[in-house]
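Just so you know, the protein sequences line up as chains A and B, in that order.
Heads up, the first sequence is in this note's numbering, so the first residue is 49 and it goes up one at a time.
Heads up, the second sequence is in this note's numbering, so the first residue is 48 and it goes up one at a time.
Built from N, CA and C at the ideal position, the CB exists for glycine as well.
Step one of this worksheet: look at the structure below.
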Amino acid sequence: MANRPQIPTKSSALIAVIADEDTVTGFLLAGVGNVDLRRKTNYLIVDSKTTVKAIEDAFKEFTAREDIAIVLISQYVANMIRFLVDSYNKPIPAILEIPSKDHPYDPAHDSVLSRVKYLFSAESVASDRR
Amino acid sequence: MESHKESQEGGKEPESDFDGIHNSENEEQLQNQRQIQKQDDENVLNFMDSLDYYLTLMDSLSSTLREGWMELASARHSMGASRISTALLDLKFHHAATCLLVTQVDSIMEVPHFTLCKWASLTNGNSRQRKHDENETVKNANSLCARQRATSPSFELQDKSLPSNGSSLPADEQVQKERSKSLAVFGTLVSPKLRASQHSFETALETLIEVANMRSLMLFAYDQVLKNMAGKKDP
């Protein structure tokens, strides 16, 4: 714990969204949309034309930005860049996998749950008994 | 017989003293072990509770989002697909009307805590000022609460979210203004379904903040359980 970086206190942090059109529209209606002076947004609309590279770049950008505290990502989009999402383990920004219209939430794919799944595996029980 | 008994008792005395010390040491050890076990159990319970709550919240989030999408689809049906499109989104410089406040639960538990500040636009200086004024009024009205607020960080957080709760009229007006501003992207006269959708997504956002907080607690509890397990393996 001592090695962990101190959690910075932020007075007005943003919520970033990487999701399908309707989900992004909904969250923009709820007021999370932000456009900075360079016209950079805090959301990415993913459709059939969006490349995996674009999603990767957006994810990297949002997780590197200091003004973002939570990144909402549709689970089916997260599945496209699973290696990146699973390897991310910083407390801030927190990555939350959310359901989308066509893809219901599956706890088996959630990166946080797969991280803690170890405690429920036979491996962990066996290693505890050894 | 009596003398024999006495001699036996007399012989046992130093042994019983030794046993007493030994027993008390054992009891202390047992108590320590019990305490450690209790702490371990507590950590496991915390972890299981947070995991359960996380899954429950995700379930509730799914149904809220489903409602939101349904209402958005209804709004699109009544207003036309061209009027509810991402092509209409405002790409000019503007701040988010809804943002987050990130704090640490306490110095020992390095767990981030997120608080949602709904409709607190930075671009509108008046709104901030108004909210600040309202906080001052509440503080003056109740000195006891003010004292508690000064000592407890949770009271401060409640305080900041107070205006968005709609406790007083000016804040309500401000919130309505911000909501209308957000809806105005899709036109001046919008379908009530779009308003309903906005409300659903606001609720979803509140649930998401709870999910984020529960996620932090779950990961903290998980770390604790892992530490205990590692401690047992390498005493």
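With 16 other Cβ atoms within 10 Å as the buried cut-off, status of K178/B: Note that K178/B has pLDDT 43, beneath the 50 cutoff, so the model's placement of it is unreliable and no number is given.
Meets three-Cβ-pair contact criterion under 8 Å: the region 149 to 168 of chain A and the region 116 to 134 of chain A: yes
Cutoff 9 Å: G278/B Cβ touching any chain A Cβ: no
N-terminal and C-terminal residue of the alpha helix (DSSP H) that I103/A is part of: V100 to A112
D142/A: first and last residue of the uninterrupted beta strand (DSSP E) it sits in: Looking at the sequence itself, residue 142/A is Ala, so the reference to Asp does not match. Note, A142/A: beta strand (DSSP E), A142 to I146.
Closer than 9 Å to chain A by CB, R130/B: For R130/B, no CB of chain A lies under 9 Å from its own CB, so it is not counted at the interface with that chain.
CA nearest to the CA of A142/A, picked from I116/A, I66/A and V72/A: I116/A
Buried or exposed (CB count within 10 angstroms, at least 16 for buried), K88/A: exposed
L92/B, DSSP secondary structure in three states: helix
Amino acids of chain B, ordered along the chain, whose beta-carbon sits closer than 7 Å to that of E69/A: T133
Neighbouring residues, chain A, relative to T145/B (Cβ below 8 Å): Near T145/B (Cβ distances below 8 Å), the residues of chain A are I63, A78, G79 and V80.
Own chain residues within Cβ distance below 8 Å of S125/B, not counting five before or after: S238 and K240
Own chain, CB closer than 6 Å to I63/A, minus 5 neighbours either side, in chain order: V80 and I118
First through last residue of the beta strand (DSSP E) which encompasses Y91/A: Y91 to I93 is the span of the beta strand (DSSP E), which, as asked, contains Y91/A.
Three-pair Cβ contact test at 8 Å for the region 87 to 107 of chain B versus the region 251 to 270 of chain B: yes
Counterpart residues of I129/A in DSSP-defined beta bridges: Per DSSP, none; premise fails for I129/A.
Which of helix, strand or coil DSSP assigns to S60/A: strand
Start and end residues, alpha helix (DSSP H) containing S162/A: S159 to V164
Separation of C146/B from L191/B, as counted between CA atoms: Because L191/B sits at a pLDDT of 34, beneath the cut-off of 50, its placement in the model cannot be relied upon, and the following sentence gives the value as read from the coordinates. Using only the alpha carbons, I get a separation of about 29 Å.
Length of the line joining the Cα atoms of V94/A and F168/A: Between V94/A and F168/A, the C-alpha separation is close to 34 Å.
Distance, K274/B Cα to Y166/A Cα: 14 Å
Closer than 9 Å at the beta carbon, the chain A residues around K165/B: Chain A residues near K165/B: A78 and G79.
Touching by the beta-carbon criterion (3+ pairs, under 8 Å), the region 122 to 142 of chain B and the region 70 to 86 of chain A: yes
Min CB distance F107/A to chain B below 9 Å: Answer no: the Cβ-Cβ gap between F107/A and chain B never drops below 9 Å.
Residue range of the alpha helix (DSSP H) that includes L76/A: E69 to L77
Alpha carbon of A67/A to alpha carbon of Q76/B, nearest angstrom: 55 Å
Spatially closest choice to L255/B from L136/B, Q84/B and L112/B, by CA coordinates: Put simply, of L136/B, Q84/B and L112/B the residue whose alpha carbon is nearest the alpha carbon of L255/B is L112/B.
Chain-ordered chain A contacts of K139/B [CB-CB under 9 Å]: V83 and R87
Contact belief for A130/B with F248/B at Cβ below 8 Å, rounded distance in angstroms: Note that residue 130/B corresponds to Arg in the displayed sequence, not to Ala. Not confirmed; about 18 Å, so no contact.
Cβ pair V258/B, D87/B closer than 9 Å: Taking 9 Å as the cut-off, the Cβ atoms of V258/B and D87/B do not count as close.
Reduced DSSP secondary structure (H/G/I, E/B, other) of S238/B: coil
V125/A beta carbon near the ligand COA (any heavy atom closer than 8 Å): Looking for the ligand COA in the displayed structure turns up nothing, as the structure carries no ligands at all.
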